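Trainee:
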Amino acid sequence: MEVTFINAQYLWLLFIIPILILTHFYGLKFTRKKAMKFANFEALARVTGGNRLSMNLPLLFLRFFTLIFLIFALAGPIIWYMGQGGPFNFVIAIDVSGSMLADDFSPNRLDAAKAAAVEFIERVPKDSRIGLMSFSGTPFIKSSLTDDFEKIKELLLGEIGVEYSSGTSIGDAIMAASNILIEEEKGRVVILLTDGQSNVGTVIEKTINYANDRYVTVNTIGMGTEEGGKFIGIDAVSVLDDELLMYVAKNTGGTFYRAENNKELVAAYAEIAQTSNKKLPLKLTIWLIIMTFLTLSIEWVFVNTMFRSVP
3 MEVTFINAQY
13 LWLLFIIPIL
23 ILTHFYGLKF
33 TRKKAMKFAN
43 FEALARVTGG
53 NRLSMNLPLL
63 FLRFFTLIFL
73 IFALAGPIIW
83 YMGQGGPFNF
93 VIAIDVSGSM
103 LADDFSPNRL
113 DAAKAAAVEF
123 IERVPKDSRI
133 GLMSFSGTPF
143 IKSSLTDDFE
153 KIKELLLGEI
163 GVEYSSGTSI
173 GDAIMAASNI
183 LIEEEKGRVV
193 ILLTDGQSNV
203 GTVIEKTINY
213 ANDRYVTVNT
223 IGMGTEEGGK
233 FIGIDAVSVL
243 DDELLMYVAK
253 NTGGTFYRAE
263 NNKELVAAYA
273 EIAQTSNKKL
283 PLKLTIWLII
293 MTFLTLSIEW
303 VFVNTMFRSV
313 P
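Each residue of the sequence shown is one higher than the last, beginning at 3 in the working numbering.
1) Given this structure, state the Cα-to-Cα distance separating residue 244 from residue 199, to the nearest angstrom.
2) Is DSSP giving residue 104 helix, strand or coil here?
3) Looking at residue 251: is its Cβ nearer than 8 Å to the Cβ of residue 261?
4) Can you tell me the Cα-Cα spacing of residue 232 and residue 210, whole angstroms?
5) Beta carbon of residue 170, beta carbon of residue 99: below 8 Å?
6) Can we count residue 283 as close to the ligand SAH, meaning its CB is less than 7 Å from some heavy atom?
7) Where residue 290 and residue 137 are concerned, what is the direct C-alpha to C-alpha distance, given to the nearest angstrom?
8) If I'm right that residue 194 touches residue 172 with Cβ under 8 Å, what's the distance once you round it to whole angstroms?
9) Leaving aside the five residues before and after residue 41 along the sequence, list all residues of the same chain whose C-beta is less than 6 Å from its C-beta, in chain order.
10) To the nearest angstrom, how far is the alpha carbon of residue 17 from that of residue 76?
11) Taking all protein chains shown into account, do 16 or more other C-beta atoms lie within 10 angstroms of the C-beta of residue 163, making it buried, or fewer, making it exposed?
12) Going residue by residue through the stretch 125 to 163, where are the continuous beta strand (DSSP E) segments of at least 3 residues, counting only ones entirely within it?
13) Spatial neighbours of residue 301 within its chain, please: CB distance less than 8 Å, with the 5 preceding and 5 following residues excluded, ordered by chain position.
14) Let me know the secondary structure DSSP gives residue 284 once reduced to three states.
15) Can you name the start and end residues of the alpha helix (DSSP H) that residue 245 belongs to?
16) Helix, strand or coil: which one does DSSP assign to residue 4?
17) Suppose you measure from the CA of residue 131 to the CA of residue 80; what does that come to, to the nearest Å?
18) I need the DSSP call for residue 184, collapsed to helix, strand or coil.
19) Nearest by alpha-carbon distance to residue 114: which of 186, 223, 6 is it?
20) I'd like the list of long-range same chain contacts for residue 19, defined as Cβ closer than 8 Å, with 5 residues on each side in sequence excluded.
Here it is, written out as structure tokens:
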């Protein structure tokens with residue numbers, strides 16, 4: 003079991019909690035000064051039930067948990083647990099930006115990616131269905147889900163080529179692949195391969211939420227050597243965004259693979275093809291919002307009954 007956060011930056015708000023505690027006790031000090039000016043202590047005892055100088059700890063605990071629930075709700079926690087996922091449907095999404103013609107793979111990155119994808123198709127269970135797409139600045143759908151594996155192989159080798167579109171949009175590619183997979187209620191897996199970084203299109207956080215809402219697992223494969231290669235006589239050093247690809251995979255229940263040669267690329271596809279279980283998400287945000295409103299309601303009742311202020 004594993005817990006991830008879609009918007010982990012909101013966890014910094016936890017530093018507000020010490021301020022809440024200090025404010026609570028400072029408020030008690032101010033309330034005590036007001037109480038000492040109350041001339042009729044007998045009446046004060048009747049109003050407060052004899053607890054003249056209560057620490058109001060139940061209110062502090064309620065406010066503490068209200069803040070905790072709210073902060074974690076903003077952070078978007080997801081509990082991942084292992085469950086039976088087969089049979090699976092897959093969408094292969096291949097980056098077709100110009101740098102994929104670099105020759106640090108044999109014969110080049112794009113042809114190596116296509117050859118490894120063909121081997122993947124030969125390994126997947128026969129009850130699976132496969133979709134195919136390419137992407138650069140824009141996603142290009144080549145095939146919806148089909149059990150005609152020979153057709154997918156033909157499209158891979160014949161239809162996937164460099165698309166000279168501005169930038170690389172990993173977010174748009176994942177959303178398009180997710181839309182292909184919702185055709186059927188099977189395990190939904192995207193295999194996204196790229197040698198670059200996302201610099202246009204939908205923001206990644208929105209993409210992750212989109213995939214999770216549709217129970218899509220995204221496995222990411224980053225390819226390219228540190229030395230880089232050449233295409234059309236131009237040096238092409240890999241600018242792969244490992245952190246982004248790891249972030250996407252981790253927060254959608256998938257795995258990130260780094261491939262620096264043809265063998266590692268084939269091995270990454272092979273491991274994905276052998277998938278029998280998958281991580282299933284349990285999103286906690288709605289439950290944390292419910293708990294926030296519950297604690298706020300209880301506090302409101304307390305403040306207007308047993309912990310009401312004395313004028």
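Even for Gly, the Cβ is constructed at its ideal location relative to N, Cα and C.
Keep in mind that this is a model prediction, so the values were computed, not measured.
Mentor: Taking the definition as stated:
1) As a first step, residue 244 must be located in the sequence shown, where it is residue number 242. As a first step, residue 199 must be located in the sequence shown, where it is residue number 197. The alpha-carbon atoms of residue 244 and residue 199 are separated by roughly 8 Å.
2) On the sequence shown, residue 104 is found 102 positions in, with the first residue counted as 1. For residue 104, the three-state secondary structure derived from DSSP is coil.
3) In the sequence shown, counting from the first residue as 1, residue 251 sits at position 249. In the sequence shown, counting from the first residue as 1, residue 261 sits at position 259. No. Outside cutoff.
4) For the purposes of this step, residue 232 is identified with residue 230 of the sequence shown, where counting begins at 1. For the purposes of this step, residue 210 is identified with residue 208 of the sequence shown, where counting begins at 1. Residue 232 and residue 210 have their alpha carbons spaced roughly 33 Å apart.
5) Counting from 1 along the sequence shown, the entry for residue 170 is found at position 168. Counting from 1 along the sequence shown, the entry for residue 99 is found at position 97. In this structure, residue 170 sits near residue 99, with a CB-CB distance shorter than 8 Å.
6) Inclusion of the ligand SAH in the displayed structure is not the case, the ligand content being empty and no account of it being possible.
7) The residue you call residue 290 lines up with position 288 of the sequence shown. The residue you call residue 137 lines up with position 135 of the sequence shown. The alpha-carbon atoms of residue 290 and residue 137 are separated by roughly 37 Å.
8) In the sequence shown, residue 194 corresponds to position 192, counting from 1. In the sequence shown, residue 172 corresponds to position 170, counting from 1. The C-beta distance from residue 194 to residue 172 rounds to 7 Å, short enough to fall under 8 Å.
9) Your numbering for residue 41 matches position 39 in the sequence shown. Unreliable placement is indicated for residue 41, whose pLDDT of 47 sits below 50; no coordinate value is reported for it.
10) Here the question's residue 17 lines up with position 15 in the sequence shown. Here the question's residue 76 lines up with position 74 in the sequence shown. About 15 Å.
11) Numbered from its first residue, the sequence shown carries residue 163 at position 161. Classification for residue 163: exposed.
12) The DSSP assignment places complete beta strand (DSSP E) segments of no fewer than 3 residues inside the stretch 125 to 163 at 131 to 137, 141 to 148, in order along the chain.
13) Within the sequence shown, residue 301 is the residue found at index 299, counting from 1. 61, 64, 65, 68.
14) In the sequence shown, counting from the first residue as 1, residue 284 sits at position 282. Note: residue 284 maps to strand in three-state DSSP.
15) Here residue 245 is taken as the residue at index 243 of the sequence shown, counted from 1. Counting along the chain, the alpha helix (DSSP H) containing residue 245 begins and ends at 244 to 252.
16) The residue given as residue 4 occupies position 2 in the sequence shown. Looking at residue 4 - three-state DSSP - the assignment turns out to be strand.
17) As a first step, residue 131 is located in the sequence shown; it is residue number 129 there, counting from the start. As a first step, residue 80 is located in the sequence shown; it is residue number 78 there, counting from the start. Between residue 131 and residue 80, the C-alpha separation is close to 28 Å.
18) Counted from its first residue, the sequence shown places residue 184 at position 182. Coil at residue 184, not helix or strand.
19) Stepping through the sequence shown from its first residue, residue 114 is reached at position 112. For residue 114, the nearest C-alpha among the options comes from 223.
20) As a working note, residue 19 is residue 17 in the sequence shown. 66, 69, 70, listed in sequence order.
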